[in-house]
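Asker: As they're listed, the protein sequences go chains A and B. The first sequence begins at 1 in my numbering and counts up one residue at a time. The second sequence begins at 1001 in my numbering and counts up one residue at a time.
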Amino acid sequence: MENNIRIENINAFYGDCQVLKNITLNIPEKQITAIIGPSGCGKSTMLRCFNRLIDLVEAATYNGNIFIGGMNILSKSVDVNDVRRKVGLLPQKPTPFPMSIYDNVAYGLKIHGTKDKNILNEKVEHYLRVAGLWEEVKDRLKSPASKLSIGQQQRLCLARGLAVEPDIILCDEPTSALDPVSAQHIEQQLIKLKKDYTIVIVTHNIHQAMRTADYVAHLYLGELVEYGPAKEVFENPKDERTKAYIDGTFLSDLNTNTEIVSKGKRFLKHPDKRQISAGVIA
Amino acid sequence: MNRDMEEKLVKSLMILSLAIVVSSFFAVLVVIVWKGFPGLTLSMITKTPQGDFYLGGGGGILNAIVGSLYLGLASTAIAMVISVPASLSLQKEYLGKTKAAFYIRLALDVLWGIPSIVYGAFGFIVMIYMGLGVSLLNGIIILTMLQLPVMIRAMEEVIVMVPAELKEASYTLGANRTDTTFGVVFRQALPGLVTAVLLAFSRGIGDAASVLFTAGYTDRLPESLFEPVASLPLAVFFQLGMPYPEVQARAYTSALILLLIVLALSIASRYLEKRFRKNILR
């Protein structure tokens, strides 16, 4: 089955505020595509369209088509739970469930009907290995996930997401809450995973995009200003705004942007402690 | 005023407030223990009242201890079974911010504030209407009603605190509302729910006015749901009303026993809370 994401004419609104403006984009399968851009440009919103998490945001509306493996996931007749099972999300901040390490990974399997203990054990081990966490936790699978370090928690979230066997992994700034070593760990896992999964990573961190991405999309104020292979975009950007963003000479424009940032964030109800400027420079 | 003085003033005001709280608690405790402890004999807690008990004769208040435990535990159990789904239904995903939810919350807040004698009077009417008679069952029904608003509102406050990110993490795995509510939200809220149950139980077991008309009072141990039953608050009330000092002293012993029951349950619930909390982050 094809697992590319074909996005056609996507518009998204929070109330009256348009956050995505007629975006058309084709994300290739089994590659890492990075979505970069300053705060409030609609990166997270776009990601939320891919797994219909945007349905949970009050006052959010959208139109357009997103085809994953030939199925239009924005169609009303599609079961959102099936979409979300196929499209995993690694959140910005690790969110381990209030249960043991084992149960965290088994949670998704159980809700989708796996009851056999042997299969559960096997899959939990498998996905903890894939996420690069098995060796660290194999002797304490029954202890609470809350006792893990933050970097380990994020890898646990990765294992938990992989366990429901998605075809696509979305990452919403997956390392911004982590220390550099843990962040590197996650990046390495993602690079390993791209042979089996289509990965979309939203990041503030240009260097992270350079290190990991095969393709790069630059969003600016809800518009897709540039999209192409990472090498081309970084070495030879066609759009002036992309060039400025990559060079870090973008700060003067941020003031005009702040209003939209605050409006968007309020709707998303995501506490965001990052400094705007720090995020851009990093 | 300089900032140093300000610090000292605020700090001393805080300490004063704490001192008032702690000293009132100790005042109650000292009086009850001092007056009630001498009467805390084995026969007091293992025997029912003899014929001349209320004139200073032999026997104990086993009838009231057993009655109160039946009334308190049964009504708390029933209230818990109703309150958990009721409070979960007030989440954003279900009733949430609808008008209905607003009026339900308002009704619960008013019910919380209604004096228990009003519940007693209401229970009296229900009793006559249903042909129940003064009975254990009737007492349990009214005490359940008395506990419901406390329990539901206290539980709801805890459930509201469950981080949105945690729910989203569950939805991204393809979980539906039911999976998320019982698999994640309930578990995350569990320690707080225990506290809510204890709060309601204390209100139920300590209430005299609502059981006065509905459960009645008897010197015998209850043998069925349809017989009247004694309770500790009423044991305190009746004995304190007698003109004999030795009977009045037993009123304090009864109060001390009630206090010990609540204390024992508080310790048990603290232990449970701690066990549940170890799974929870932050």
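All C-beta atoms, glycine included, are put in the ideal place defined by N, C-alpha and C. Keep in mind the model is a prediction, meaning the values are calculated, not measured.
Figure out for me which residue from Asp239/A, Tyr245/A, Pro229/A, Lys238/A has the closest Cα to the Cα of Pro28/A.
Answerer: Here residue 28/A corresponds to residue number 28 of the first sequence, with the count starting at 1. Considering only alpha carbons, the answer is Pro229/A.
Asker: Leaving out the 5 sequence neighbours to the left and right, which residues in its chain are closer than 7 Å to Lys1167/B when beta-carbon positions are compared?
Answerer: Translated into the one-based positions of the second sequence, residue 1167/B becomes position 167. Closer than 7 Å at Cβ, skipping near neighbours: Thr1180, Val1184, Val1185.
Asker: Thr982/B versus chain A: which residues are under 8 Å apart at the beta carbon?
Answerer: Residue 982/B is absent from the structure shown; chain B starts at 1001 and stops at 1282.
Asker: I'd like the list of long-range same chain contacts for Ile1152/B, defined as Cβ closer than 7 Å, with 5 residues on each side in sequence excluded.
Answerer: In the second sequence, the residue the question calls residue 1152/B occupies position 152. Counting only Cβ-Cβ distances below 7 Å, and skipping sequence neighbours, we find Ser1083, Ala1086, Ser1087, Leu1108.
Asker: If we ignore side chains and look at the alpha-carbon of each, how far apart do Gly1174/B and Ser143/A end up?
Answerer: The residue given as residue 1174/B occupies position 174 in the second sequence. The residue given as residue 143/A occupies position 143 in the first sequence. Rounded to whole angstroms, Gly1174/B to Ser143/A spans 25 Å at the Cα level.
Asker: If we count Cβ pairs, one from each stretch, closer than 8 Å, do we get three or more for the stretch 201–216 of chain A versus the stretch 33–47 of chain A?
Answerer: yes
Asker: Output needed in chain order: residues of the stretch 110–124 of chain A with a Cβ under 9 Å from some Cβ in chain B.
Answerer: Lys110, Ile111, His112
Asker: Please name the residues in the stretch 1098–1125 of chain B whose beta-carbon is closer than 9 Å to at least one beta-carbon of chain A, in chain order.
Answerer: Within the stretch 1098–1125 of chain B, no residue qualifies.
Asker: Here's the rule: buried if 16 or more other CB atoms are within 10 angstroms of the residue's CB, otherwise exposed. What is Asn1138/B?
Answerer: For the purposes of this step, residue 1138/B is taken as residue 138 along the second sequence, with counting starting at 1. Label assigned to Asn1138/B: buried.
Asker: Examine chain A for any beta-carbon lying closer than 8 Å to the beta-carbon of Arg1275/B, and answer yes or no.
Answerer: For the purposes of this step, residue 1275/B is taken as the residue at position 275 of the second sequence. No, Arg1275/B lies away from the interface with chain A (no Cβ there is under 8 Å from its Cβ).
Asker: Tell me, to the nearest whole angstrom, how far the beta carbon of Leu1272/B is from that of Val1194/B; I am working on the premise that it is less than 8 Å.
Answerer: Here residue 1272/B refers to the residue found at position 272 of the second sequence. Here residue 1194/B refers to the residue found at position 194 of the second sequence. Confirmed, about 5 Å.
Asker: Relative to the C-alpha of Pro94/A, which candidate in Ala183/A, Glu8/A, Gly70/A, Ala106/A has its C-alpha closest?
Answerer: By one-based count along the first sequence, residue 94/A stands at place 94. The shortest C-alpha to C-alpha distance from Pro94/A to any of Ala183/A, Glu8/A, Gly70/A, Ala106/A is the one to Ala183/A.
Asker: Which chain B residues are close to Met99/A, counting only those with a beta carbon under 9 Å from its beta carbon?
Answerer: Numbered from its first residue, the first sequence carries residue 99/A at position 99. Gly1183, Val1184, Arg1187, Asn1279, listed in chain order.
Asker: Might you give, ordered along the chain, the residues of its own chain that have their beta carbon closer than 7 Å to the beta carbon of Ser1116/B, omitting 5 neighbours on each side?
Answerer: Numbered from its first residue, the second sequence carries residue 1116/B at position 116. Closer than 7 Å at Cβ, skipping near neighbours: Leu1146, Asp1207, Ala1209, Ser1210.
Asker: Please state whether DSSP places Leu156/A in a helix, a strand or coil.
Answerer: For the purposes of this step, residue 156/A is taken as the residue at position 156 of the first sequence. Reduced to three states, the DSSP call for Leu156/A is helix.
Asker: Counting only the same chain and skipping the five closest in sequence on each side, list residues whose C-beta sits under 8 Å from that of Asn255/A.
Answerer: As a first step, residue 255/A is located in the first sequence; it is residue number 255 there, counting from the start. Only weak support exists for where Asn255/A lies, its pLDDT of 47 falling under 50; the value from the coordinates is given anyway. Here the set comprises nothing.
Asker: Can Cys171/A and Val202/A be called in contact, C-beta distance under 8 Å?
Answerer: As a first step, residue 171/A is located in the first sequence; it is residue number 171 there, counting from the start. As a first step, residue 202/A is located in the first sequence; it is residue number 202 there, counting from the start. Yes, these two residues count as a Cβ contact at 8 Å.
Asker: Could you confirm whether any beta carbon from chain A is found closer than 8 Å to the beta carbon of Gly1192/B?
Answerer: Within the second sequence, residue 1192/B is the residue found at index 192, counting from 1. Closer than 8 Å: no.
Asker: Are the stretch 78–91 of chain A and the stretch 13–23 of chain A touching by the rule of at least three beta carbon pairs closer than 8 Å?
Answerer: no
Asker: Got a sec: is the Cβ-Cβ distance from Gly1131/B to anything in chain A below 8 Å?
Answerer: Start at 1 with the first residue of the second sequence, and residue 1131/B comes out as number 131. By this cut-off, Gly1131/B is not an interface position.
Asker: Would you mind giving the Cβ-Cβ distance between Ala159/A and Leu133/A, rounded to the nearest angstrom? I have them listed as a contact below 8 Å.
Answerer: Position 159 of the first sequence holds residue 159/A. Position 133 of the first sequence holds residue 133/A. Yes, Ala159/A and Leu133/A are in contact; Cβ-Cβ is about 6 Å, under 8 Å.
Asker: Who are the Cβ neighbours of Ala1249/B in its own chain at under 8 Å, not counting the five residues just before and after it?
Answerer: Sequence index remark: in the second sequence, residue 1249/B carries index 249 (1-based). Excluding residues within five positions, the ones whose Cβ falls inside 8 Å are Lys1035, Gly1036, Pro1038, Gly1039.
Asker: When burial is assigned at 16 or more other CB atoms within 10 Å of the CB, is Gln153/A buried or exposed?
Answerer: The residue given as residue 153/A occupies position 153 in the first sequence. For Gln153/A, the number of other beta carbons within 10 angstroms of its own is at least 16, and it is reported as buried.
Asker: Taking 8 Å as the CB-CB limit, is Pro38/A close to chain B?
Answerer: Sequence index remark: in the first sequence, residue 38/A carries index 38 (1-based). No, because no Cβ of chain B sits closer than 8 Å to the Cβ of Pro38/A.
Asker: Pick from Phe1238/B, Ala1101/B, Ala1074/B: whose alpha carbon is nearest that of Thr1253/B?
Answerer: For the purposes of this step, residue 1253/B is taken as residue 253 along the second sequence, with counting starting at 1. With distances taken between Cα atoms, Thr1253/B lies closest to Phe1238/B.
Asker: Please report whether the beta-carbon of Val200/A lies at a distance below 8 Å from any beta-carbon of chain B.
Answerer: As a first step, residue 200/A must be located in the first sequence, where it is residue number 200. Not an interface residue.
Asker: Roughly how many angstroms separate the alpha carbons of Leu141/A and Ser100/A, rounded to a whole number?
Answerer: The residue you call residue 141/A lines up with position 141 of the first sequence. The residue you call residue 100/A lines up with position 100 of the first sequence. Each residue's alpha carbon lies about 7 Å from the other.
Asker: Starting from Lys1011/B, trace the alpha helix (DSSP H) both ways and give me its first and last residue.
Answerer: If you number the second sequence from 1, residue 1011/B lands on position 11. Element bounds for Lys1011/B: 1003–1036.
Asker: Can the beta-carbon of Leu1232/B be found closer than 8 Å to that of Ser1068/B?
Answerer: For the purposes of this step, residue 1232/B is taken as the residue at position 232 of the second sequence. For the purposes of this step, residue 1068/B is taken as the residue at position 68 of the second sequence. Contact: yes.
Asker: Could you check whether Arg155/A and Gly177/A sit closer than 8 Å to each other, using their CB atoms as the reference points?
Answerer: One-based indexing of the first sequence puts residue 177/A at position 177. One-based indexing of the first sequence puts residue 155/A at position 155. For the sequence presented, residue 177/A should be read as Ala rather than Gly. Their beta carbons are not under 8 Å apart, which means Ala177/A does not touch Arg155/A by this criterion.
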